[in-house]
Amino acid sequence: MMDYRVFAGLGALALCLVLAACSPVRLLNTATPSFNYKQKQTIAFGEGERQSMDIYRAKSPKEDAPVLVFFYGGGWTWGEKAQYKFVGDAFASAGYDVVIPDYRLYPKVKYPAFVEDAAHAVARVAQEFPDRKIVLMGHSAGAYNGMMLTLDPHWLADVGVDRDQVIAGMVGLSGPYGATPMTDKPYISIFPKRMTGDDGPVNIASAGDPPVLLITGSDDETVDPKNTTELARILRENGVDVTEHVYPELTHIDTARVLSRFFDGDAPQKGDILAWLEGVSG
51 MMDYRVFAGL GALALCLVLA ACSPVRLLNT ATPSFNYKQK QTIAFGEGER
101 QSMDIYRAKS PKEDAPVLVF FYGGGWTWGE KAQYKFVGDA FASAGYDVVI
151 PDYRLYPKVK YPAFVEDAAH AVARVAQEFP DRKIVLMGHS AGAYNGMMLT
201 LDPHWLADVG VDRDQVIAGM VGLSGPYGAT PMTDKPYISI FPKRMTGDDG
251 PVNIASAGDP PVLLITGSDD ETVDPKNTTE LARILRENGV DVTEHVYPEL
301 THIDTARVLS RFFDGDAPQK GDILAWLEGV SG
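Take the sequence shown: its position 29, counting from 1, is numbered 79 in the working numbering, and each next residue is one higher.
Set out below in structure tokens:
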């Protein structure tokens with residue numbers, strides 16, 4: 051039987067293209083259906099205007115599935131949770147509850163404020179979903195935020211969360227993890243240590259860290275894929291359960307784009323993530 055709701059989404063996509071009035075992200079979200087989840091918006095985890103999150107509760111939830119917390123990218127300078135409805139749909143349609151937080155950005159803040167915001171968001175998720183494990187996920191700058199919480203337990207401990215009891219794993223998409231020199235503005239202002247110390251995930255990985263899925267594209271010219279391959283190597287050397295995928299011909303933006311139901315056929319990435327989630331759920 052045909053699902054005419056999908057055709058309605060494609061119709062909205064076509065209309066947006068004809069009018070040429072939508073940004074790429076707005077276009078995706080206009081076309082993305084809303085029938086797989088119930089959305090709860092702007093739940094505060096702090097007092098600031100960018101300290102809130104949206105929840106996508108799956109209408110057909112998987113039994114005993116972890117909650118996914120997705121941190122978006124944007125170079126720590128831009129981005130907002132409303133732009134990532136397509137990510138909420140991508141995993142809610144597979145039975146996972148999804149949370150997408152905002153966090154404070156440069157130039158209003160520098161490191162470590164956005165990592166602290168990520169930790170507070172996870173603490174709020176743990177309150178909202180008691181007795182549920184949490185899987186962190188992030189793209190680009192968001193992958194960095196999530197990876198810091200995953201590899202250094204003090205961030206979550208500072209907000210009353212035991213990493214080893216709550217975090218089931220981390221999915222990093224095209225993240226900057228400190229494996230290559232940081233020389234460009236504004237990043238040298240955002241990170242005074244330039245990820246050469248305990249602000250760099252490659253420097254803090256250790257035995258006992260939660261399972262990690264690392265993903266990048268071979269054609270990423272924004273964040274060097276070496277960040278993924280080097281962090282994977284270091285995690286393996288420390289005995290951490292790490293899975294690594296470098297997808298041919300995918301760019302930096304592609305590793306976020308192919309999460310959408312309209313583009314997930316362009317690469318096996320979403321299927322690989324779902325298979326990995328099954329493993330950490332068990």
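A virtual CB, placed ideally from N, CA and C, is assigned to each residue, including glycine.
| Item | Value |
| --- | --- |
| Any beta strand (DSSP E) of 3 or more consecutive residues that is wholly inside the segment 68-103 | 87-94 |
| The segment 132-141 / the segment 214-225 touching (three or more Cβ pairs under 8 angstroms) | no |
| Sequence-distant residues of its chain with Cβ nearer than 7 angstroms to N277 (five each side left out) | G225, P226, Y227, A229, T230 |
| Neighbourhood of L263 by C-beta, 6 angstroms cutoff - its chain only, sequence neighbours within 5 removed | V221, T293, W326 |
| Inter-residue Cα distance where the pair is S331 and M198 | 21 angstroms |
| Contact test: A140 Cβ vs the ligand FMN heavy atom, cutoff 6 angstroms | As for the ligand FMN, it is missing from this structure, which has no ligand bound. |
| Own chain, CB closer than 8 angstroms to A71, minus 5 neighbours either side, in chain order | With a pLDDT of 46 at A71, under the threshold of 50, the predicted position of this residue should be treated as unreliable, though the coordinate-derived value follows. Closer than 8 angstroms at Cβ, skipping near neighbours: no residue. |
| Range of the contiguous alpha helix (DSSP H) that encloses A218 | Taken as a continuous stretch (DSSP letters only), A218 belongs to no alpha helix (DSSP H), being part of the beta strand (DSSP E) at 217-223. |
| Cβ neighbours of I240 in the same chain (closer than 7 angstroms, five flanking residues each side left out) | W126, Y156, K160, Y161 |
| L281 versus E99: straight-line alpha-carbon distance, rounded | 33 angstroms |
| Within 7 angstroms, strictly: CB atoms of I254 and H295 | no |
| Between the CA atoms of V216 and P318 - distance to the nearest angstrom | 28 angstroms |
| From V252, T272, D212, residue whose alpha carbon lies closest to that of A342 | For the chain, the structure presents residues 51 to 332; residue 342 sits outside this window and is missing. |
| Boundaries (first-last residue) of the alpha helix (DSSP H) holding M198 | 191-201 |
| Straight-line gap, V75 to I303 (C-alpha atoms, nearest Å) | 11 angstroms |
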